[in-house]
Amino acid sequence: MKLPEWSKGVTLAVCAATVVACAANPVTGRRQLMLVSESSAISSSAQAYTQMMAPLEQEGRINRDKALRDRINLMTGKLVAQAIRYRPETKDWKWEVKIIDDPKTVNAFCMAGGKMAVYTGLIEQIKPTDDELAQVMGHEIAHALSSHTVEKMSIALATNIAVTAIAVTSDRPGVALTGAALAAALAIQLPNSRTAETEADRIGIELAARAGYNPYAAVTLWEKMGKASGAGESKFDWLSTHPAPARRQETLAELAPKMMPYYESREKRPVFPLKSN
Ligand SMILES: [Zn+2]
1 MKLPEWSKGV TLAVCAATVV ACAANPVTGR RQLMLVSESS AISSSAQAYT QMMAPLEQEG
61 RINRDKALRD RINLMTGKLV AQAIRYRPET KDWKWEVKII DDPKTVNAFC MAGGKMAVYT
121 GLIEQIKPTD DELAQVMGHE IAHALSSHTV EKMSIALATN IAVTAIAVTS DRPGVALTGA
181 ALAAALAIQL PNSRTAETEA DRIGIELAAR AGYNPYAAVT LWEKMGKASG AGESKFDWLS
241 THPAPARRQE TLAELAPKMM PYYESREKRP VFPLKSN
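The numbers in my numbering rise by one with no breaks, and the one at position 26 of the sequence shown is 26.
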């Protein structure tokens, strides 16, 4: 049977779309929806990060407390050094972390390409130990390393972006993000799948242990999060974007002893020099 001329174009388009749309996770090998390449997700994320931070800088809402900045820079610097061992090409990412003054928001994120932020609500309300905070940031970095942010950006682009665009821009009228930068900003606001959560839990706890942070803190962190979220009127954005996979705490408790050799290793813990903020 001879196919009509137009069908060739359609088939080609579908093939091209399939090639681009499905890519293996660089860390786990799982097939993921990838409508954008990781490199374009990285540049869009950097653009979104700059646009998100600019009004916060103007409003004086980027925290300048030296002790807190030193704490966060050292911790994330140790985690990033381990992330680079996982995926050596990420040494070229423009890793950066900022602390956002927002005591009501319990959140932290790491975008594609390593642009990170921690909200003061997470520090003040959860009161995490260094070991626990390292689990949060290790988990966030794990999402970025595993291209979960690229996957979510693809979902943002594939679904009705216009509706969500209104939601985002009406919340912050000063921020007018468009196109790919908007999708990058949305990507950190969309919930991760439970599969992605399980991947980030496993990779995050290992990154943290290799960076010198106690793996059992992953268990206590989630306990604290659960308890604190029941009280007060704060926005627990972190819990809403990180849905609990089945048996999260039990799985982490099973992983913890396996991570102890990394934690107890006497190997020197390298620190990646983060861009000063
Ligand atoms: Zn997560």
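Cβ atoms here follow ideal geometry from the backbone N, Cα and C, with glycine treated the same way.
Q | Heavy atom of ligand 1 within 7 Å of Ala217 beta-carbon | A | no
Q.
So Arg361 and Ala24 are supposed to be a Cβ contact under 8 Å. How far apart are they, rounded?
A. Not covered by the structure: residue 361. The range shown for the chain is 1 to 277.
Q. What number of angstroms, rounded off, separates the C-alpha of Ala217 from the C-alpha of Met260?
A. 12 Å
Q.
Using only the alpha-carbon positions, how far apart do Ile99 and Val118 sit?
A. 5 Å
Q) So is the beta-carbon of Asn25 under 7 Å away from any non-hydrogen atom of ligand 1? A) no
Q: Would you mind sorting Pro215 into buried or exposed? The rule is 16 or more other CB atoms within 10 Å of its CB.
A: buried
Q. What distance in whole Å lies between the Cβ atoms of Ala208 and Leu79, which are believed to be in contact at a cut-off of 8 Å?
A. 7 Å
Q. Counting Cβ pairs, one atom from each stretch, are 3 or more of them under 8 Å apart for the stretch 189-200 and the stretch 53-62?
A. no
(Q) Between which two residues does the alpha helix (DSSP H) holding Val219 run? (A) 217-229
**Q.** Pair within 8 Å by beta-carbon distance, Ala142 and Ser45
**A.** no
Q.
For the stretch 90-105 against the stretch 179-190, do three or more pairs of beta-carbon atoms, one drawn from each stretch, fall closer than 8 Å, so that the two count as touching?
A. no
(Q) For Tyr263 and Gln125, what's the separation of their Cα atoms in angstroms? (A) 27 Å
Q. Taking 7 Å as the cut-off, is the CB of Asn192 close to at least one heavy atom of ligand 1?
A. yes
**Q.** Same chain only: Cβ atoms within 8 Å of Ala134, ignoring 5 sequence neighbours per side
**A.** Met75, Lys78, Leu79, Ala208, Ala211, Tyr213, Ala217
**Q.** Residue burial classification, Arg247 (beta-carbon count within 10 angstroms, cutoff 16)
**A.** exposed
Q) Going by alpha carbons, who is nearest to Ser229 out of Glu206, Tyr49, Gly121, Ala256? A) Gly121
**Q.** Minimum length 4: unbroken alpha helix (DSSP H) runs contained in the stretch 32-70
**A.** 38-58
Q. Are the stretch 217-226 and the stretch 265-275 touching, with three or more C-beta to C-beta distances below 8 Å?
A. no
Q.
Using only the alpha-carbon positions, how far apart do Gln249 and Lys227 sit?
A. 14 Å
Q. Using a Cβ-Cβ cut-off of 8 Å (strictly less than) and excluding sequence neighbours within five positions of Ala81, which residues of its own chain qualify?
A. Ala211, Arg269, Pro270, Val271, Phe272
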